[in-house]
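Colleague: If you read the sequences in order, they're chains A and B. When we follow the numbering used here, the leftmost residue of the first sequence carries the number 1, and every step to the right adds one. When we follow the numbering used here, the leftmost residue of the second sequence carries the number 284, and every step to the right adds one. Idealized CB from N, CA, C, for every residue including glycine. Treat the numbers as computed from the prediction; the structure is a model and nothing was measured.
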Amino acid sequence: MDNKISIKAAHKTFGEGERSIVALQKVDLDIARNEFVTFVGASGCGKSTLLRCIGGLETLSSGSIDVDGMPISGPGVDRAMVFQHYSLYPWLTVMDNIKFTRQLQAGREDLTSADVEAASGRADALLDLMGLTHVRDAYPNQLSGGMQQRVAIARALLPRPQILLMDEPFGALDAQTREVMHDLILHVSKLEKTTIVFVTHDVEEAIYLGQRVVVMAPRPGRIDSICPVELPAKRDQDMKLSPEFMQQKKAILHRIRETAGMRTDYELLERMTRQAEQQNDMQ
Amino acid sequence: MSSRHNIFSRWNGLWVIRGHLSSRTYLMFALVGMLLPLAAWWGVSVSGWMDKVFMPGPVDVLSRTYVWFKEDDLMHDVWISTYRVIAGFSLSAVLAIPLGLMIGTYRPVQAMLEPLTDFIRYMPAVAFIPLVMLWVGIDESSKIAIIFIGTFFQMVLMVAEDVRRVPITQIEAAQTMGASRREIISLVIVPSAKPALLDTLRVTMGWAWTYLVVAELVAANSGLGYSILRAQRFMQTDKIFAGIILIGLIGLAIDQLFRWLHRKNFPWMYKK
Ligand SMILES: Nc1ncnc2c1ncn2[C@@H]1O[C@H](COP(=O)(O)OP(=O)(O)OP(=O)(O)O)[C@@H](O)[C@H]1O
Ligand SMILES: [Mg+2]
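This is how it looks when you write it as C-alpha cells:
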C-alpha cells in the first residue's frame, strides 16, 4: 500500500432540495506517494471542491479521503495548499509571510533548537530557490502577481509538507513566468518528494507537469477519464512541440469539449455573418 | 494660441476620473475650499444684510473667543468636553471591539447579538436621557453614558463588518498551515482587520462629538456643548459660532491624529 492519498466514493452536494448541486459524484482515485497528478475539466466540474476536500477545508457528504491510510479530519500541516490568489498576508513582509507557519503552535511541537536553526536556513534557501532574495523585506502589494505566487509557494513549502495542493496557482501569470514556475515546481517535486495535486484550466500545463492527467466532467462533477502521461520523466520545454505531446493534448481537449456541454455554434455565427453582410450591402 | 491650448489641456487634466493631483495643486484646492466659505461669511457679515445678532462676523467670533478664554475659562470647557468624549468613546471601543470581533467570527454569536444590536441602534440615543438620569444620576458618568449609548451599537456593527471583510482565503491559508482557532483570530483576523478598525474608530469618534452636545443637555454646568446651549439663552450668537467652530477644530485635529496613526501603523498600505 503505497498510496499517499486514497479517495473512495467521494460525494459532495451543496445546498438542499431542488436547488442542490452535486459537485462530486462517486469519485474514486488513488494517488501514489511522490506522484504529480493534475486535474483538468470544464468550469464547475468540481476540481476546486475535490482539492478543498483533500485539504480539509470542505467535508464530503459521503465517502472518504484517506491520507497514509488514515481518514482526514479537517486541515492539517501535512497538506499545504496554494490558492489562486489573495492568500498572502499584506501586513507581513515577504520573509515574514514565508515564515508564518513558524509562528504557529502546530509547527513548534517537539522542536529542538537545531530544528529552528534548520528552518531558518530553509526559509533562506526557499527565498533563494524562488528568486525572491532581493525582495525579502518588501510587502506583497509591492510585488508583481508572479512574485506573489512564488511567495505563496515558498510559504507552503516551508514546513516540508508531504502533500502540496495547488488550485490554478499560475492562472494569473503570463506565459513566460508560467514556464519558469513549471520547471521550478517540477524541481521541488523531485527534490522534496512531495505528492502534488494540481488543478488547472490549461491542458498543456496539465500534461507538462502531471504524471497522470485526470479529466473531470461537470453536472454532476465526476471523473471522466484518467490519462497517464507518456513523456520522459525529465521534462523540458521543447517536449511541448513533440507529436506525442500534441496528440495527448488533442485527445484531452477533445474529452473536455465533449463533456463541457458547451461548444461553438457555427450555424449561429454563420447566420450572424450573413446578416451583417446584408446590412452592408443595403448601405 | 498654443499657450492657451496648453492651459486648457492642463485644466482638463485635473478632471481625469480618479486622477492625480500634485501636492501643491491639492493644497491650493484645499485652501480655496476653506477660504471661500470664510470669505463669504465675512462678506455677508460686513454687508449688513443680516442683523449682527443673527449673523456675527469672523471678527466678532474671534473676539468673543478671546473673551471666553480670558474671563470664562474656555480651556476648562474644552478640557471637560474632550474628557467626556474620550471617556465615552473609549468605553464604547473597549467593549465594542471584542464583541464585534466575536460577532464577525462566530455565526452563533452573530445570530444571537446582531439583530438585537441592529434593533437598539435605531432607538434614538437622545430618548435615553431620562432613563440615564434615573439610573446613572446627573454627574459626569451620565454624560459619558449618553455618548456611550450614541456610539456603542453602531461601533459593534461596524467592527463586525470589518472583521467579516477579512478575505476568506487569508483565513483558509492559515487553516491549511495548521493554525488553531485562537491563532487564526490573533495572527490573521485581527491584523488583517486592524486598518479598517482604526478607520471605524476614526468615524465613530466624529459621532461621539455630535453626541457631546446632547450629553451636555443633561444638567451640565460646563463644557463646550453646554456653553453653546447657554449662549443661545442669552442670544450670544457669536459664542454659539465660537463653540461650534471649536468643536469642529478639535474634531479635525483628532481625525488627523487617527490618519497619522494609520500611516504610522500600517506602512504596507502606503507603499507601492
Ligand atoms: N460553497 C459552495 N456553495 C454552493 N455551491 C458551490 C460551492 N462551491 C462550489 N459550488 C458549486 O459546485 C460546483 C463545482 O464547483 P468547483 O468550484 O469545484 O468547480 P471547478 O471545477 O473548480 O470550476 P472552475 O474551473 O471554474 O474553478 C459548481 O457548480 C459550483 O457552483
Ligand atoms: Mg476552481
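Thinking C-alpha only, which one of B:E455, B:I429, B:S475, B:K554 is nearest A:A156?
Modeller: Ranking the options by Cα distance to A:A156, first place goes to B:E455.
Colleague: Taking only beta carbons into account, state which residues of the region 234 to 256 of chain A come closer than 7 angstroms to chain B, listed in chain order.
Modeller: Result list empty, no residue passes.
Colleague: Which residues share a DSSP beta bridge with A:V214?
Modeller: Note: A:V214 sits in a beta bridge opposite A:F39, A:I226.
Colleague: Any heavy atom of ligand 2 within a distance shorter than 8 angstroms of the CB on A:K47?
Modeller: Answer for A:K47: yes, Cβ within range of ligand 2.
Colleague: Can you tell me whether DSSP reads A:T49 as helix, strand or coil?
Modeller: Helix at A:T49.
Colleague: Considering only the alpha carbon of each residue, which of B:S328, B:D356, B:L304, B:S373 lies closest to B:T487?
Modeller: Taking only the C-alpha atoms, the option nearest B:T487 is B:S373.
Colleague: Secondary structure at A:G63, three-state DSSP: helix, strand or coil?
Modeller: The answer is strand: DSSP assigns A:G63 an E or B state.
Colleague: Got a sec: does ligand 4 put a non-hydrogen atom nearer than 8 angstroms to the Cβ of B:E466?
Modeller: This structure simply doesn't include ligand 4; it includes ligand 1 and ligand 2 instead.
Colleague: Just by C-beta distance, which residues in the region 78 to 101 of chain A are closer than 7 angstroms to chain B?
Modeller: Flagged, chain order: R79, A80, M81, F83, Y86, S87, Y89, P90, W91, F100, T101.
Colleague: Who are the near neighbours of B:A502 in its chain, counting only those whose CB is closer than 6 angstroms to its CB and skipping five residues on each side?
Modeller: Cβ within range, chain order: I421.
Colleague: Do you know how far the Cα of B:R404 is from the Cα of B:M438?
Modeller: In a straight line, the C-alpha of B:M438 is about 10 angstroms away from that of B:R404.
Colleague: If you pair each beta-carbon of the region 424 to 435 of chain B with each one of the region 394 to 411 of chain B, do three or more pairs fall below 8 angstroms?
Modeller: Segments in contact, yes.
Colleague: Which residues of chain B have a Cβ atom closer than 8 angstroms to the Cβ of A:Q103, listed in chain order?
Modeller: Within 8 angstroms Cβ-Cβ: E466, L470.
Colleague: Can you list the residues of chain B that A:G55 reaches, using a CB-CB cut of under 7 angstroms?
Modeller: Neighbours of A:G55 on chain B, chain order: T459.
Colleague: Please report whether the beta-carbon of A:G171 lies at a distance below 9 angstroms from any beta-carbon of chain B.
Modeller: So, not an interface residue.
Colleague: Under 8 angstroms: do the region 456 to 467 of chain B and the region 78 to 87 of chain A share three or more Cβ pairs, one atom per stretch?
Modeller: Result yes; three or more Cβ-Cβ pairs closer than 8 angstroms.
Colleague: Going along the chain, which residues of its own chain have a beta-carbon closer than 6 angstroms to the beta-carbon of B:A498, five neighbours each way excluded?
Modeller: Correct list, in chain order: K426, I429, I430.
Colleague: Does the distance between the C-beta of B:I451 and the nearest non-hydrogen atom of ligand 1 fall short of 8 angstroms?
Modeller: Because no heavy atom of ligand 1 lies under 8 angstroms away, the Cβ of B:I451 does not count as near it: no.
Colleague: Grab me the residues of A:S64's own chain with a C-beta within less than 6 angstroms of its C-beta, minus the 5 sequence neighbours each way, in chain order.
Modeller: Contacts found: K8, P71.
Colleague: If contact means a Cβ-Cβ distance below 8 angstroms, which residues of the region 437 to 463 of chain B contact chain A?
Modeller: Listed by position along the chain: P450, T452, Q453, E455, A456, A457, Q458, T459, M460, G461, A462, S463.
Colleague: Based on the DSSP secondary-structure assignment, which residues constitute the bridge partners of A:N3?
Modeller: Answer is A:A32, bridged to A:N3.
Colleague: Looking at C-alpha atoms only, which residue of B:M416, B:I386, B:G433 is the closest neighbour of B:P407?
Modeller: Ranking the options by Cα distance to B:P407, first place goes to B:G433.
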